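Oh and the sequence shown: position 591 is 591 in the working numbering, straight run, nothing missing. Note that the Cβ used here is the ideal one computed from N, Cα and C, for glycine as well. This one's a predicted model, so the numbers in the text were calculated from it and none came from an experiment.
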Amino acid sequence: MIATDHKASIKGGEFLIKETDASQVFIPEEFSEEQQMIAATCREFLEREIWPRLDEIDQAKSPELIASLMDKAGELGLLGTSVPEEYGGFGMSFNTSMLVTEVTGAGHSFSVALSAHTGIGTLPIVYYGNEEQKAKYLPKLATGEWKAAYCLTEPDSGSDANSGKTKAKLSEDGKHYVINGQKMWITNGGFADLYIVFAKIDDGSGQVDKNLSAFLVEKSFGGITMNEPEHKMGIKGSDTRQIFFNDCQVPVENLLSTRGNGFKIAVNILNVGRIKLGVAAVGGAKEVINNAIRYANERKQFGTLISSFGAIKHKLAEMAVKVYACETACYRAGQNIDDLIESLKASGTSDADAKLKALEQFAIECAMMKVHGSEVLNYVVDEGVQVYGGMGYSADAPMDRAYRDARINRIFEGTNEINRMLTVDMILKRTMKGELDLMGPAMAVSKEIMSIPDFSTEEEEVLFAAEKKVLRNLKKAILMVAGAAVQKLMMKLSDEQEILMNLADMMIEVYVAESVLLRVEKQIASKGESAMTLQKDLALVYLHEAVEKINNAGRSAILSFAESDEMRVMLMGLKRFTKIDPLNLKDTRRRIADAMIAENKYIF
1 MIATDHKASI KGGEFLIKET DASQVFIPEE FSEEQQMIAA TCREFLEREI
51 WPRLDEIDQA KSPELIASLM DKAGELGLLG TSVPEEYGGF GMSFNTSMLV
101 TEVTGAGHSF SVALSAHTGI GTLPIVYYGN EEQKAKYLPK LATGEWKAAY
151 CLTEPDSGSD ANSGKTKAKL SEDGKHYVIN GQKMWITNGG FADLYIVFAK
201 IDDGSGQVDK NLSAFLVEKS FGGITMNEPE HKMGIKGSDT RQIFFNDCQV
251 PVENLLSTRG NGFKIAVNIL NVGRIKLGVA AVGGAKEVIN NAIRYANERK
301 QFGTLISSFG AIKHKLAEMA VKVYACETAC YRAGQNIDDL IESLKASGTS
351 DADAKLKALE QFAIECAMMK VHGSEVLNYV VDEGVQVYGG MGYSADAPMD
401 RAYRDARINR IFEGTNEINR MLTVDMILKR TMKGELDLMG PAMAVSKEIM
451 SIPDFSTEEE EVLFAAEKKV LRNLKKAILM VAGAAVQKLM MKLSDEQEIL
501 MNLADMMIEV YVAESVLLRV EKQIASKGES AMTLQKDLAL VYLHEAVEKI
551 NNAGRSAILS FAESDEMRVM LMGLKRFTKI DPLNLKDTRR RIADAMIAEN
601 KYIF
């Protein structure tokens, strides 16, 4: 069912049917000295400019503070990471830009402003702009001379972005599009110089395009007003506005890409935003773990440091396991994107088109990492509050801000529910188009569950042989449930959102579990098993927990659509495919926690 293939030919979603060799994946330990120096620069910037001013940033009454901090980030080159060199940027690889996003992800409200500018505010021009548009705007955006904002969401169009009501009508002289409409939740809205605005073109005869178009709108064009900054649960220092366009005249040459291509632009740019949100969550989570460990090593109860208590060790270890695994999966997917970009460019595809096609190919993984990263951060901040106890609820301790700021990430860039359903929808659509061969393997699995189980216990004498068998069986569990759901429900499956989300959870867990196992295998191959005992512990704890989660999600899905004998057979198959040898998880977690407690920080 599963074959090993060269990394350059791996497609998005193929992890379900192809077994990846450890040599094919990129792991964070492989970042070059130059890349590590870039990361160090980002961290020094946070330590010097952001962390000492977090209260001031959150309490700022005007956008000038964040704007000035963006200027300083621009002086260091942090705003031009993804801008091609010919337009004043650094033209960094995708995974290098991911590393910058991870480190700055610990910057709370500032990281939101930075990501909005460098990502959704700049990349539409990088990927879709013509030469004149790139030459005019990218150098200013790369240095921070100009700041950018992305105007997509409207009061009645959130998840359903293409239902926006903002209109663009061609002027009588044909020189301008006149934009009228309202946008909301616009990050950087108060200080942006350039807005990426999505609107539907009205031809003047009452006919309005079905799909959005995108426009590059300078604040200086006029006809733009805005409300005061929104009062929010978290990320209080991020300048978030409602923006109104009232007969805003935009030169026709500022139409981005082609008429009606705006929705595609929005979707593809969101792919970037999703995976980068996932890795930004990793950066934020690492800092929360550092704070939690330091506090546990200082706080005494019953005359003893709380870091010596098993319950606290359990929490610290679980936080580390989840973050380590998420980081691994993010950079695995990021390198797949980089590899495909380079492969496409080598075959003659332009840089911008290569990046777009690569991101579109791995849109499945981008959606999964958005969900996983935001939920890992959610877990970590919640447990961080708990480690602090009563102090965790105090605004004088760092967990208050971390807890509130983290919550938006499950809504940003498409809610986690939307992204779960997109994950399954994209895989099924690619299957129906013949781009992914899932039906053959799914049918093979359905035959297997009707056959006598293989009770042989012989394993290859290679590293992680037993664990890789577990992963193969987990993939079979997904194929079994997904295949049966498609056959039983057919076109109705798209309406069964609970089942789709169960399937997405199964897919996410197997992808992350496989990623972390491959990372440790690759480390062991270069450094030896004795040097990687803690990393092996991290991988095994994650795999055991993934097995349980996949079993629970699979069972929930099966009970939602199967009946009688079919249900019993599938439940037996699920039980067969979600077996794993026992592991003393308590002792394994304690080893992980003790190592971090000894170093007084997250060490992986």
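- Shortest Cα-Cα distance from residue 325 to any of 358, 278, 364 involves 278.
- Under the Cβ criterion (8 Å, minimum of three pairs), the segment 14-31 counts as touching the segment 513-528.
- Pairing residue 122 with residue 148 gives a Cβ-Cβ distance under 8 Å.
- Here residue 351 is near residue 84, since their CB atoms are less than 8 Å apart.
- Within the segment 41-89, the runs of alpha helix (DSSP H) at least 4 residues long that lie entirely inside it are, in chain order, 54-59, 64-75.
- Ranked by Cα distance from residue 439, the options 403, 478, 464 are led by 478.
- Scanning its chain for C-beta atoms nearer than 6 Å, with the 5 sequence neighbours on each side dropped, one finds around residue 217 the residues 195, 197, 250, in chain order.
- The beta carbons of residue 11 and residue 361 sit closer together than 8 Å.
- About 6 Å separates the beta carbons of residue 364 and residue 427, which is inside the 8 Å limit, making them a contact pair.
- Between residue 314 and the set 31, 595, 62, 120, the nearest pair of CA atoms involves 595.
- Judged by DSSP in its simplified three-state form, residue 207 adopts coil rather than helix or strand.
- Your pair residue 321 and residue 541 checks out as a contact, with CB atoms roughly 5 Å apart and the cut at 8 Å.
- In the structure shown, the three-state DSSP call for residue 243 is strand.
- Under the DSSP definition of a beta bridge, residue 176 partners with 251.
- The way I'd put it, the segment 373-392 does touch the segment 286-301; three or more beta-carbon pairs between them come closer than 8 Å.
- Distance from the CA atom of residue 236 to the CA atom of residue 515, rounded to whole angstroms, is 35 Å.
- A Cβ-Cβ contact shorter than 8 Å links residue 265 with residue 128.
- C-alpha of residue 280 to C-alpha of residue 225: approximately 31 Å in a straight line.
- The Cβ atoms of residue 230 and residue 240 sit closer than 8 Å to each other.
- Under DSSP, residue 195 shares a beta bridge with 149, 217.
- Within the same chain, Cβ atoms closer than 7 Å to the Cβ of residue 534 are found at 591, 592, 595, the five residues on either side in sequence being excluded.
- In this structure, DSSP gives residue 395 a state outside helix and strand, which the three-state scheme calls coil.
- Closest in C-alpha terms to residue 310, from the list 586, 368, 31, comes 586.
- If you draw a straight line from the Cα of residue 257 to the Cα of residue 154, it comes to about 22 Å.
- For residue 450, the CB contacts under 8 Å within the same chain, skipping 5 residues up- and downstream, are 569 in chain order.
- Residue 152 and residue 220 have their C-alpha atoms roughly 20 Å apart.
- Nearest in C-alpha terms to residue 108, of all of 52, 99, 120, is 52.
- Short of 8 Å from the beta carbon of residue 567, and not among the five residues preceding or following it, lie these beta carbons of its own chain, in chain order: 558, 559.
- Only exposed fits residue 393, as fewer than 16 other CB atoms lie within 10 angstroms of its CB.
- Residue 476 is a Cβ neighbour of residue 445, given a cutoff of 8 Å.
- Of the candidates 369, 203, 305, the residue whose Cα lies closest to the Cα of residue 415 is 369.
- Secondary structure of residue 304 (DSSP, three-state): strand.
- The residue from 41, 63, 355, 384 with its alpha-carbon nearest to that of residue 75 is 41.
- The Cβ-Cβ distance between residue 377 and residue 268 does not fall below 8 Å.
- For the 8 Å CB-CB criterion, residue 133 and residue 182 do not form a contact.
- For residue 88, same chain residues with a beta-carbon under 7 Å away, outside a window of 5 residues either side, are 80, 138, 139, 142, 143 in chain order.
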